[in-house]
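Numbering-wise (numbering that gives the first Met the number 0), the sequence shown opens with residue 0 and increments by one. Every residue gets a Cβ at the ideal spot worked out from N, C-alpha and C, and that includes glycine. Remember, predicted model here, so these are calculated numbers, not experimental data. So the structure is just underneath, and the comments pick up after that.
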Amino acid sequence: MTRMTAPAVVAAKGVRKLPMLTAYDYAAARLAEAAGIDLLLVGDSLAMVVLGHEDTLSVTMEEMLHHVRAVSRGAQKALVIADMPFMSYQASVAEAVTNAGRFLKEGRAGAVKLEGGREVAPQVRAMVAAGIPVLGHVGLTPQHVAALGGFKVQSKTAKDAAELFADAMALAEAGCFGVVLECIPAPVAAAVTKALPVPTIGIGAGPDCDGQVLVFHDVLGLYDRIHPKFVKQYAELGKSAVEALTQYAQAVTKGTFPGPEHVFSMAPEAHDTFLS
Ligand code: KIV
Ligand code: NA
Numbered sequence: 000m001t002r003m004t005a006p007a008v009v010a011a012k013g014v015r016k017l018p019m020l021t022a023y024d025y026a027a028a029r030l031a032e033a034a035g036i037d038l039l040l041v042g043d044s045l046a047m048v049v050l051g052h053e054d055t056l057s058v059t060m061e062e063m064l065h066h067v068r069a070v071s072r073g074a075q076k077a078l079v080i081a082d083m084p085f086m087s088y089q090a091s092v093a094e095a096v097t098n099a100g101r102f103l104k105e106g107r108a109g110a111v112k113l114e115g116g117r118e119v120a121p122q123v124r125a126m127v128a129a130g131i132p133v134l135g136h137v138g139l140t141p142q143h144v145a146a147l148g149g150f151k152v153q154s155k156t157a158k159d160a161a162e163l164f165a166d167a168m169a170l171a172e173a174g175c176f177g178v179v180l181e182c183i184p185a186p187v188a189a190a191v192t193k194a195l196p197v198p199t200i201g202i203g204a205g206p207d208c209d210g211q212v213l214v215f216h217d218v219l220g221l222y223d224r225i226h227p228k229f230v231k232q233y234a235e236l237g238k239s240a241v242e243a244l245t246q247y248a249q250a251v252t253k254g255t256f257p258g259p260e261h262v263f264s265m266a267p268e269a270h271d272t273f274l275s
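In structure tokens form, the structure reads like this:
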């Protein structure tokens, strides 16, 4: 497979559904690629599932870059999409372009993602003009958690749904190669997907989106602080990990690890000389 690109994502609309997953390091990128996932999002969810923060607000550009570089080293074919952290693009268009550029230049990502609708269209336009592919993100936008009053379903009223529709259209017009729809009613996502010229990637947005995204730790059962309704857990790796680590800890305690097969020996002459 050749490398996935932003134009290839656009071309996939109506042809095939797009599986996307978050990844935060080299090992995860390799696992996801081996599974056939060709869109890897280094999400700012990193703040919560990897760094242990309560929300996504405190993760920095430097922390994000550190992980984007690791994912880029692991991804041979996938499109690596770097999530713009809180306050790396909101304050000004110039700052937004500079920070997005760092993800391509230093992080070797192939695209960036930012949250918001019409209000970030100027940022999107400027990034695209600079040669930076941009993925949009509307609906539940976790960087707005303080203003939203928590993580909850968005666009439940006809008026809010119309606002979201206009936001998604504005992002596509500004040049986004796709738009993430998070935590909105399925009929709203279906209508946006039908109208938008670029793919929608849903998370908690129903089955009619052009692609789906989930958080690595949620899919594999590695994060137990929040269980959103929209997550499907495909494995219980957290449980398996605790079982394996318990065996290891007990073996050390009992003295049954390391066994003879894990031990290095010495040539008899060296051994005798050493001990004499
Ligand atoms: O940070 C993240 O993981 C995301 C996805 C859930 C879309 O933004
Ligand atoms: Na995010």
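Cβ pair residue i, residue j closer than 8 Å
i: residue 199; j: residue 212; result: no
i: residue 169; j: residue 90; result: no
i: residue 99; j: residue 83; result: yes
i: residue 55; j: residue 85; result: yes
i: residue 17; j: residue 210; result: yes
i: residue 95; j: residue 25; result: no
i: residue 3; j: residue 38; result: yes
i: residue 8; j: residue 176; result: yes
i: residue 234; j: residue 220; result: yes
i: residue 214; j: residue 42; result: yes
Rounded distance between the beta-carbons of residue j and residue i, thought under 8 Å
i: residue 106; j: residue 78; result: At roughly 13 Å, the Cβ-Cβ gap does not stay under 8 Å, so residue 106 and residue 78 are not in contact.
i: residue 258; j: residue 229; result: With a Cβ gap of about 45 Å, residue 258 and residue 229 do not count as contacting.
i: residue 163; j: residue 138; result: 6 Å
i: residue 147; j: residue 171; result: About 23 Å; that fails the 8 Å criterion.
i: residue 49; j: residue 23; result: 5 Å
i: residue 81; j: residue 58; result: The Cβ separation is near 12 Å, so there is no contact.
i: residue 5; j: residue 32; result: Not really, about 18 Å apart at Cβ, beyond 8 Å.
Close Cβ partners of residue i (< 8 Å) along its chain, the five nearest in sequence each way excluded
i: residue 265; result: 273
i: residue 165; result: 116 and 117
i: residue 232; result: 217, 218, 219 and 220
i: residue 144; result: 54, 55, 56 and 150
Where residue i falls, given that 16 or more other Cβ within 10 Å makes a residue buried
i: residue 223; result: exposed
i: residue 142; result: buried
i: residue 216; result: buried
i: residue 263; result: exposed
i: residue 153; result: buried
i: residue 247; result: exposed
i: residue 45; result: buried
i: residue 271; result: exposed
i: residue 241; result: exposed
i: residue 184; result: buried
i: residue 275; result: exposed
i: residue 269; result: exposed
According to DSSP, residues forming a beta bridge with residue i
i: residue 123; result: DSSP output for residue 123 lists no bridge partner at all.
i: residue 112; result: 82 and 134
i: residue 202; result: 181
i: residue 18; result: 211
i: residue 40; result: 21 and 80
Close-in-space but distant-in-sequence residues of the same chain around residue i (CB under 6 Å, 5 per side omitted)
i: residue 187; result: 154 and 160
i: residue 179; result: 136 and 200
i: residue 189; result: 207
7 Å CB neighbourhood of residue i in its chain, flanking five on each side removed
i: residue 174; result: 123, 124, 127 and 133
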